[in-house]
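Line by line, the protein sequences are chains Z and D.
The first sequence begins at -1 in the working numbering and counts up one residue at a time.
The second sequence begins at -1 in the working numbering and counts up one residue at a time.
Working notes, beginning with the structure itself.
There are 2 protein chains.
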Amino acid sequence: MLKGFRFAAVEAAIKKPGRLDLALIFSEEPAQVAAVFTTNKVKAAPVLLDEELVKGGTVRAVVVNSGNANACTGAPGMADAIETTRILGNGLMIPMEQILVASTGVIGVPLPMERLQAALPRLAAAVGEASLADVAAAIMTTDTFPKIESRQAEAGGVPYTIAGVAKGAGMIRPDMATMLAFIVTDAAVEPQLLQQLFREANELSFNSITVDGDMSTNDTALILANGAAGNPLLLPGTPEAAQFAAALSDLLLSLAKLIVRDGEGATKFVTITVKGAVSAAEAKQAAMAVANSSLVKTAFFGQDANWGRIFAAVGSAGIHVEQLRTELFFDDVQMVSNGLFVGGDAEARGTAVLQKSDFAVLVDLHLGNGEATVYTSDLSYDYVKINADYRT
Amino acid sequence: MLKGFRFAAVEAAIKKPGRLDLALIFSEEPAQVAAVFTTNKVKAAPVLLDEELVKGGTVRAVVVNSGNANACTGAPGMADAIETTRILGNGLMIPMEQILVASTGVIGVPLPMERLQAALPRLAAAVGEASLADVAAAIMTTDTFPKIESRQAEAGGVPYTIAGVAKGAGMIRPDMATMLAFIVTDAAVEPQLLQQLFREANELSFNSITVDGDMSTNDTALILANGAAGNPLLLPGTPEAAQFAAALSDLLLSLAKLIVRDGEGATKFVTITVKGAVSAAEAKQAAMAVANSSLVKTAFFGQDANWGRIFAAVGSAGIHVEQLRTELFFDDVQMVSNGLFVGGDAEARGTAVLQKSDFAVLVDLHLGNGEATVYTSDLSYDYVKINADYRT
């Protein structure tokens, strides 16, 4: 049972009627915070604001709206984000500097502040009336299902919980893209350790997924650790810290995979591993080149065992490749050996793999020890439909 | 009238029956050659072969098959490419080292050599029986129309012709992708000048287009200059060379635009210009980031004036951007001023621009003098359909 956090979610009429679109995560005590933000040069107002606020080291609350990204909205957008924290700070009776803001939705349209001014006091008054699952629902945009995960562990005999919600759908790629993830834990964690573990877990989860290769203006992943579980403070280099790290990584990876499974128009969940690269960085570069290739992704959608497109994508990734050493597998079916199609019944068996909804691609470059795994979806008619009609 | 070149095109049954799929460009005398090849690390056999052959400086012929890329085919694939030149050299009674080879089509499948062994003597015997337009038809894969252009100019009172064919459709991006272009001219051009002008013209044409951001294993652009027009040799730094350069650039740009217009599933032709960047290289990087964004391209398909996605793509391009100085136009409709939506009727007027089949996007970063223009298409249902079903 997660201690010391309370939640709220209301309708602010930013999205269509009948849908939650404003959510609050509230910690009863100041919580240590660690964060990862988009690396896009065009950052939304809430990202710019949060980047400053997290320097304080602790926060009390996170307010999230969906339906409007408050991005490309300039100084008025920043004023709107700040005004959001002011109203909410009044309602919650906490300093406005202790409230982080996140927004997701359409870019370039001012926040509907009249509606927010009406809804924020209701949100503050509703603290504790919602669950984390309601928060997961309220932050959805084109997501088709809410994404929530939790893990239990203990330290010094004291149980603690890590729970998280995320939203994704489109514009997902490394360095995060329009992805929001909010993790809460009642564990007490030494601040620098929290930062480090959160960054590491991000790299292998939210920074290892891609739906369409687009990077958002709003990506934000936050963790709040309020220590309400009462465990002995988790310190670097201890078995307890390693256990926390494992649980956190597992939770983030599960959320990341849910984002891919719910990728816009996705009909396939594909795990792409490149091994034998000269470095882990080159392996990841190659895996991402495969995962982001429109030709590869349409072949996945068409259930076409077109390994040549995967080769072409690896070859264009700007990494070391020796074609005649390279192997390729679809699940356990070897398609290519020493750079050449193996023949026989590989085409039929490979096609059978691609007909599954969940399969793996392995490329072994046989050049070194670098390895990386990324997760992606296919490129379908529905991806086009969803994104062609997004604002209508 | 182009002098000293003859053409042939036959059916070799590599593609479906009734379609030309084997073509020959033949020069009556050795022609100076200049070439640009794919930068993909996974190069098809004919690319590897041609890279060696063009070092000789002159060639007599180019043989092209469509329907099979002879890529990822290893040593047997190279043997097949060489065997192709041997058979054709016998038929044409020219050294096999003077014959370049190009292939386009499916990757990873061996060339059907029995069919080629039967067809190549027919091809050699048919020299002069086809036109360059037949060559344009024979090199098509998913292209919906043949691409052919020609220009006339003169030097020292002697008229000469530059003519060219290209194929594209999918897998088009800078550094060329599955694109083949064969240019022939009867002008006499100093060899180094020919190399330089061809590279420069490529940079602003075939290297400035993108359909899907994928890079092919087979991209090849060649120019053959045989001097049959009898003009005084074109030398660097002369007005005649400048006139040739202008005609060549214009021809390549026209072919490149035809490739984009025929992009797989394309319903829009979009000219994307980024100006005011700190350098031309950054301008091109940003323009390409916009042109390759799946979210931007689906918005074009949906005729959605979603300029925020263009901002997000520019911001993710890894270049210098100051959001609050940036302007954005759809044709002559200003959408964004100082980083902010201009409001008023811009949404309606911008939407009207996107409803056209041919429009321009201008992003002005107001940071420097760097400028670049690239050409792209939208991302439609049909792109997905064509590429999901490509091999079936």
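Built from N, CA and C at the ideal position, the CB exists for glycine as well.
Nearest chain D C-beta to residue i closer than 8 Å, yes or no?
i      : result
N38/Z  : yes
V319/Z : yes
G337/Z : yes
I170/Z : Per-residue confidence for I170/Z stands at a pLDDT of 44, beneath the threshold of 50, marking its modelled position as unreliable; the derived number appears in the next sentence. Not one chain D Cβ lies under 8 Å of I170/Z.
S101/Z : no
A6/Z   : no
Taking residue i as the query, report the chain Z residues whose CB atoms sit under 9 Å from its CB, ordered along the chain.
i      : result
I105/D : N304, W305, G306, R307, F309 and A310
A69/D  : G306, F309 and A310
Give me the chain D residues within the contact set of residue i, using Cβ-Cβ distance strictly less than 7 Å, ordered along the chain.
i      : result
T215/Z : A310 and G313
L322/Z : G72
Quick check on residue i - is its C-beta less than 8 Å from some C-beta in chain Z?
i      : result
G348/D : no
L377/D : yes
F299/D : yes
M174/D : Confidence in M174/D is poor, its pLDDT being 35 and thus under 50, which makes the residue's placement unreliable; the coordinate value appears in the next sentence. No, its Cβ sits nowhere closer than 8 Å to a Cβ of chain Z.
Using alpha carbons as the reference points, say which of the options lies closest to residue i.
i      : options                           : result
L90/D  : Q194/D, L118/D and R323/D         : L118/D
V319/D : S252/D, L233/D, V276/D and Q301/D : V276/D
L249/D : E262/D, L202/D and N224/D         : L202/D
G55/D  : P44/D, A69/D and A33/D            : A33/D
E9/D   : L114/D, R307/D and C70/D          : L114/D
A124/D : A6/D, A311/D and M94/D            : A6/D
A21/D  : A161/D, M138/D and A254/D         : M138/D
R307/D : H364/D, V334/D, R323/D and K282/D : V334/D
F299/Z : T159/Z, V340/Z, A42/Z and G261/Z  : G261/Z
V60/Z  : E112/Z, T37/Z, K41/Z and R4/Z     : R4/Z
S375/Z : G166/Z, A289/Z and G348/Z         : A289/Z
A350/D : D217/D, R120/D, Q332/D and H364/D : Q332/D
L47/D  : R84/D, L352/D, A239/D and L365/D  : R84/D
K165/D : G155/D, I146/D and I221/D         : I146/D
E152/Z : E238/Z, A226/Z and A179/Z         : E238/Z
G316/Z : L326/Z, A284/Z, A226/Z and F328/Z : A284/Z
L18/Z  : A136/Z, E27/Z, V107/Z and R323/Z  : A136/Z
A161/Z : I97/Z, A240/Z and K1/Z            : K1/Z
L326/D : A77/D, W305/D, A43/D and N367/D   : W305/D
S206/D : Q190/D, K255/D, F309/D and F180/D : K255/D
T86/Z  : A69/Z, F24/Z, P74/Z and N68/Z     : Checking the sequence, you will find Leu at residue 86/Z rather than Thr. Considering only alpha carbons, the answer is F24/Z.
V340/Z : G155/D, Y381/D, G72/D and V258/D  : G72/D
D141/D : N38/D, L178/D and G313/D          : L178/D
Give the residues of chain Z in contact with residue i, contact being defined as C-beta atoms less than 8 Å apart.
i      : result
V361/D : Simply none; closest approach about 11 Å.
F328/D : None at all; the shortest Cβ gap to chain Z is about 13 Å.
So, is the C-beta of residue i closer than 8 Å to a C-beta in chain B?
i      : result
L118/D : Looking for chain B here will not work: the only protein chains present are Z and D.
Near-chain Z residues of the region 44 to 66 of chain D - C-beta to any C-beta below 9 Å: Answer in chain order: no residues at all.
Chain-ordered residues of the region 251 to 282 of chain Z with a beta carbon less than 8 Å from chain D: With the criterion set as a beta carbon lying under 8 Å from some beta carbon of chain D, the region 251 to 282 of chain Z has no members that meet it.
Stretch-stretch touch, CB-based, cutoff 8 Å, three pairs: the region 182 to 189 of chain Z with the region 220 to 239 of chain Z: In short, these stretches touch, since the Cβ pair count reaches three.
The region 351 to 362 of chain D contacting the region 265 to 274 of chain D, beta-carbon criterion three pairs below 8 Å: Contact between the region 351 to 362 of chain D and the region 265 to 274 of chain D is present, because at least three Cβ pairs lie under 8 Å.
Touching by the beta-carbon criterion (3+ pairs, under 8 Å), the region 337 to 344 of chain Z and the region 291 to 299 of chain Z: The answer is no - the region 291 to 299 of chain Z does not touch the region 337 to 344 of chain Z, with fewer than three Cβ pairs under 8 Å.
At least three beta-carbon pairs within less than 8 Å, the region 58 to 77 of chain D to the region 100 to 110 of chain D: Put simply, the region 58 to 77 of chain D touches the region 100 to 110 of chain D. At least three CB pairs are less than 8 Å apart.
Touch test, the region 26 to 41 of chain D against the region 126 to 135 of chain D, Cβ-Cβ under 8 Å, three pairs minimum: Segments in contact, no.
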